[in-house]
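Yeah, the sequence shown ends on 92 if you go by our numbering, and it's all consecutive. Cβ atoms here follow ideal geometry from the backbone N, Cα and C, with glycine treated the same way. The model shown is predicted, which means the values in this text are computed figures rather than measured ones. What follows is one structure encoded as C-alpha cells, with my remarks underneath.
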Amino acid sequence: MKMLILLLVCVWGVVWACQSDLECGLGKHCVKAYMQSKGECMKTVDEVGTPQYSPPRGDSLLPNYDSDGDCRYDSDCPYGFRCHSIYKTCVK
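In C-alpha cells, the structure reads:
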C-alpha cells in the first residue's frame, strides 16, 4: 500500500478550508475527516518530506468514505511524522 504523506499547511494561523483538491492549488490535497465533505488543504510530500506535485484527484469532491485512513498511530508513519487523529493521515 502506497502511503500519501501530508504536511499541514498553516499561514498566519489560518488553515485553508476546502471541498475539493481544485480549491487547494498545485501540490496540495483537500484532506477530510471520515464522512465529511469539507476538509483542510495539505501539502503532499513523500516519506522524507520532498514535495509531490500530483494532479487533483477526481473523487476529491465526494465526502471521505475511508474509515481506516492511512494511519491509526504515530508508529504507522515515517520518522518525523505523526498520525493526525481526525484525518487519519501522516502529517509533519
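Start-to-end residues for the beta strand (DSSP E) that takes in residue i
{"i": "G39", "result": "39-45"}
Residues of its chain near residue i, where Cβ-Cβ distance is below 6 angstroms and the 5 sequence neighbours each way are ignored
{"i": "L8", "result": "Only weak support is given to the placement of L8: the predicted model assigns it a pLDDT of 49, under 50, and the question is left unresolved by the model."}
{"i": "P56", "result": "D21, L22"}
Residue of the options minimising C-alpha distance to residue i
{"i": "G49", "options": "E40, R82, D68", "result": "R82"}
{"i": "Q36", "options": "E47, C24, L26, S20", "result": "S20"}
{"i": "G25", "options": "P78, Q52, E47", "result": "Q52"}
{"i": "C77", "options": "L62, D46, G58", "result": "D46"}
Assumed close pair residue i, residue j - CB separation to whole angstroms, cut-off 8 angstroms
{"i": "N64", "j": "K32", "result": "4 angstroms"}
{"i": "T89", "j": "G69", "result": "6 angstroms"}
{"i": "Y34", "j": "S67", "result": "5 angstroms"}
{"i": "E40", "j": "C18", "result": "7 angstroms"}
Neighbourhood of residue i by C-beta distance below 7 angstroms, restricted to the same chain and skipping five residues each side
{"i": "Y73", "result": "C83"}
{"i": "S54", "result": "T44"}
{"i": "C30", "result": "C18, Q19, S20, D21, E23, C24, G39, C41, S60"}
Buried or exposed (CB count within 10 angstroms, at least 16 for buried), residue i
{"i": "S85", "result": "exposed"}
{"i": "S60", "result": "buried"}
{"i": "G80", "result": "exposed"}
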